[in-house]
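Residue numbers (the numbering used here): 26 to 195.
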């Protein structure tokens, strides 16, 4: 079982491999279609914030994506989707891709990230319950599933409603 992964920003040549990862990791094509729609949305897509974990042959096996969202009027990032090929899950590939994406966002001076996901998984990266900061969605979700992470630690995220990029549909 591998515990150390090489990560890098997705390139144009990786799009088909990322789509294959998403198809393999999820039961429907919705996440793969979402990533394609986000790539086509210049208000959402940020070059360098789509990260892949690659095997020794530089073949993507894991993926994490950060796209532009807003909390109230403040720019933030949304982490979604994240996926790993089923045969490479639980090897650290997904964690490596997420950490690399968060590093890229921090290095670029981004303020914070929201994620709607498994409450037992994302706290390992520093995410905490968004409701504790007055951050919410316009749709009902379990409080523990919406989480936030302040990047750089200097400016906490404001309270407010998360507005995702249009392809998310919420």
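In this text, a Cβ means the ideal position worked out from N, Cα and C, and glycines have one as well.
- Straight-line Cα distance separating residue 72 from residue 65: 12 angstroms
- Query: Using the C-alpha atoms, what's the distance from residue 107 back to residue 70?
  - Reply: 15 angstroms
- Close beta carbons around residue 94, own chain, < 7 angstroms, minus the five adjacent residues each side: 101, 102, 103, 139, 187, 188, 189 and 190
- Bounding residues of the beta strand (DSSP E) (the contiguous stretch that carries residue 188): Residues 185 to 188.
- Grouping DSSP H, G and I as helix and E and B as strand, with all else coil, what is residue 120? helix
- Item | Identity of the residue in 127, 120 and 75 nearest residue 175 by Cα | 127
- Query: Shorter than 9 angstroms from the beta carbon of residue 63 to some beta carbon of chain D?
  - Reply: Protein chains in the displayed structure number just one, and chain D is not present.
- Item | Proximity below 9 angstroms, CB of residue 87 to CB of residue 118 | yes
- According to DSSP, what are the bridge partners of residue 139? 103 and 173
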